[in-house]
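See structure below.
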Amino acid sequence: MKNETEELAEIRRAVRALCEDFPGEYWRAKDAVREYPGEFVDALTRAGFLAALIPAQYGGSGLSLDAACVIMEEIQATGCNGGAAHAQMYIMNTLLRYGSEDQKATYLPRIGDGSLRLQAFGVSEPTSGTDTLSLKTRAVRDGNEYVINGQKIWTSRAEHSDLMLLLARTTPREAVEKKTEGLSMFLVDMQRALGNGMEIKPIRTMMNHSSCEVFFDDLRIPATALVGEEGKGFRYILSGMNAERILIAAECIGDAKWFIERASAYASDRNVFARPIGQNQGVQFPIARCYAQMRAAELMVHHAAHVYDEGGNPGEEANMAKLLASEASWAAADMCVQTHGGFGFAEEYDVERKFREARLYTVAPISTNLILSYLAEHVLGLPRSY
Ligand SMILES: Cc1cc2nc3c(=O)[nH]c(=O)nc-3n(C[C@H](O)[C@H](O)[C@H](O)COP(=O)(O)OP(=O)(O)OC[C@H]3O[C@@H](n4cnc5c(N)ncnc54)[C@H](O)[C@@H]3O)c2cc1C
């Protein structure tokens, strides 16, 4: 970002220096066997980057969301993949805002020092899809415990996380006045749960993202695992989702920068018809267009982060940042393959890997259609479609 503070520029330099130890060869090898990049996540944790949003009193660095965006953006811009760890940043916000003092004191210092990973976010289910309010996983209070039954899908990093933030229904939908009520948020100790009512099944996808199905069959968790008030879980995730969207948008900006830099370098070096291909405006202009698209989206990402950091509700800005940034990164990914011609498909250039990885963000964590629907209906006041 141009004209940024010395503090942010310093964070950028530090992230870049760490990422230099994880070049394309590292990511290619992990991608080939779909292995979790544990060494990279450990290095980020040791350097304190994943504890950026944890307040200093709990052992973190208490940075702003804007600074966290710079961290995630720079990881992507160096060719690394923050998808291996990004949830720790955004899940944190729900715990920070709504967790009890006891939960914060118990978990945050250990998340900060890396002895616990909070990487799993269990919201999506196979039958309800985007319609979160129809989710079926139930949590029923039984004395000092809740009993969980149901299934989650696409729970990324479930096999590599110690804790999961889980959204489940505590009051049947028919029994609540407003359909947004009756869902509750839990912090599940996954190590204790595994094999004792919770099973995890990995899903192989087009990129290395460690996504899983998670099955609950009479899983018993202590009532103290409830985050905030029972029945208010949907409100909590909506607030946390703004941070998630802004951070993912920052990652998309990093991806777009990587594609634009790679395409510019290749177009300057590659000679065909006895001149660099980048001398042809048919090759230059798509790169320039992607740059303009990325810069516009970048402004919205930082604007959204500022609104969040000032305590405002950036629903509109966070959604627009995610929409614009995911489209900018996907346009840049496509442009980068086109600029590389056949070599865009060769693994050793990393373009095809980044292309596959970048495709995710117009679908998850929220699809473009659902953002447009939010803007149309909640910002512009058009009639509701659902
Ligand atoms: C790799 C990966 C990682 C993920 N990680 C996580 C995770 O860690 N935790 C988690 O909880 N979830 C995760 N997800 C789930 C992700 O958030 C969902 O896939 C996403 O929100 C879309 O939901 P869906 O797949 O159920 O699609 P659906 O809801 O079935 O929608 C399919 C298509 O229909 C469109 N559509 C649906 N309804 C409407 C409508 N009313 N108007 C217009 N268009 C509509 C959608 O935009 C979409 O394009 C992940 C997904 C993937 C692929």
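Under our numbering, the first residue of the sequence shown carries the number 36, and numbering increases by one thereafter.
Ideal placement from N, C-alpha and C gives every residue a C-beta, glycine not left out.
Drop a sphere of 10 angstroms on the beta-carbon of residue i, count the other beta-carbons inside from all chains shown, and report buried for 16 or more, exposed for fewer.
i      : result
PRO418 : exposed
PHE390 : buried
GLY230 : exposed
ARG192 : buried
TYR125 : buried
PRO205 : Before going further, note that residue 205 is Thr rather than Pro in the sequence given. Label assigned to THR205: buried.
ILE183 : buried
LEU254 : buried
ALA52  : exposed
GLU28  : Nothing about residue 28 can be read from this structure; the chain reaches only from 36 to 421.
PHE308 : exposed
What is the residue span of the alpha helix (DSSP H) that residue i lies within?
i      : result
ASP101 : 100 to 112
ASP290 : 268 to 304
ASN354 : 350 to 375
PRO144 : 136 to 147
ASP77  : 73 to 81
VAL126 : The residue asked about is misnamed: residue 126 is Ile in this sequence, not Val. From DSSP, the alpha helix (DSSP H) with ILE126 extends over 121 to 133.
SER219 : No alpha helix (DSSP H) contains SER219, which is instead part of the beta strand (DSSP E) from 218 to 224.
GLY59  : 59 to 68
VAL50  : 41 to 54
TYR409 : 403 to 409
Tell me the residue span of the beta strand (DSSP E) that contains residue i.
i      : result
ALA203 : 198 to 204
PHE156 : 153 to 157
ILE256 : 247 to 257
Can you look up residue i in the DSSP assignment and give me helix, strand or coil?
i      : result
GLY97  : coil
SER169 : helix
MET233 : strand
ILE183 : strand
PRO321 : helix
ASP385 : coil
LEU261 : strand
ALA174 : strand
VAL336 : helix
ARG310 : strand
ALA87  : coil
GLU212 : coil
GLU160 : coil
MET241 : coil
Of all the options the options, which has the alpha carbon lying nearest to the alpha carbon of residue i?
i      : options                        : result
ALA356 : GLY346, ALA368, VAL342, ASP369 : VAL342
ARG394 : ALA119, SER364, LEU405         : SER364
TYR384 : ALA112, ARG330, ALA340, ARG297 : ARG297
PHE250 : MET107, ARG47, ALA203, VAL50   : ALA203
MET36  : THR172, ILE322, GLU108, GLY149 : GLU108
PRO161 : ALA155, LEU168, GLN186         : GLN186
THR259 : GLY134, LEU43, VAL68           : GLY134
ILE272 : GLY157, ALA381, THR40          : GLY157
ASP197 : ALA120, ALA300, ASP166         : ALA120
GLU351 : ASP252, MET335, PRO257         : MET335
HIS195 : ALA353, GLU362, ASP77          : ASP77
SER299 : PHE320, GLY289, ALA309, ILE288 : PHE320
GLY268 : SER303, ILE238, LEU168, TYR181 : LEU168
CYS104 : ASN243, ALA353, TYR71, ARG227  : ALA353
GLU43  : ALA102, PHE378, CYS54          : In the sequence under discussion, the amino acid at residue 43 is Leu, which differs from the Glu named in the question. Checking every option, the nearest Cα to that of LEU43 belongs to ALA102.
MET241 : ALA174, ALA340, VAL68          : VAL68
MET225 : GLY217, GLU234, LEU218         : GLU234
LEU359 : GLU39, ALA331, ASP56, LEU131   : ALA331
ASN128 : ILE89, GLY95, GLY149           : ILE89
GLY217 : ILE288, PRO237, ARG173, ASP252 : ARG173
VAL414 : SER402, TYR396, PRO349         : PRO349
ILE406 : GLU382, SER361, GLY377, GLY376 : SER361
In chain order, what residues of the same chain lie with their CB nearer than 8 Å to the CB of residue i, ignoring the 5 residues before and after it?
i      : result
PRO400 : MET276, GLU279, ARG280, ILE283
TYR93  : LYS139, ALA140, LEU143, PRO144, GLY147
ARG270 : THR215
VAL372 : GLY379, PHE380, VAL386, GLU387, PHE390
VAL318 : ALA302, ILE312, THR374
ASP344 : SER99, LEU100, ASP101
ARG63  : GLU382, GLU383, ASP385, ARG388
For residue i, which residues from the same chain have a beta carbon less than 6 Å from its beta carbon, with the 5 sequence-adjacent residues on both sides left out?
i      : result
ARG81  : none
CYS325 : ILE295, ALA366, ALA367, MET370
ARG388 : ASP66
ALA155 : THR190, ARG192, ALA193, SER196, MET199
ASP290 : GLN111, SER364, ALA393
CYS115 : CYS54, PHE57
ARG152 : SER196, ASP197
VAL262 : TYR133, GLY134, MET220, LEU222
Going along the chain, which residues of its own chain have a beta-carbon closer than 7 Å to the beta-carbon of residue i, five neighbours each way excluded?
i      : result
ASN404 : none
LYS292 : ALA112, MET329
VAL50  : PHE84, ILE106, GLU109, ILE110
GLY117 : MET107, ILE110, GLN111, GLU286
ALA323 : none
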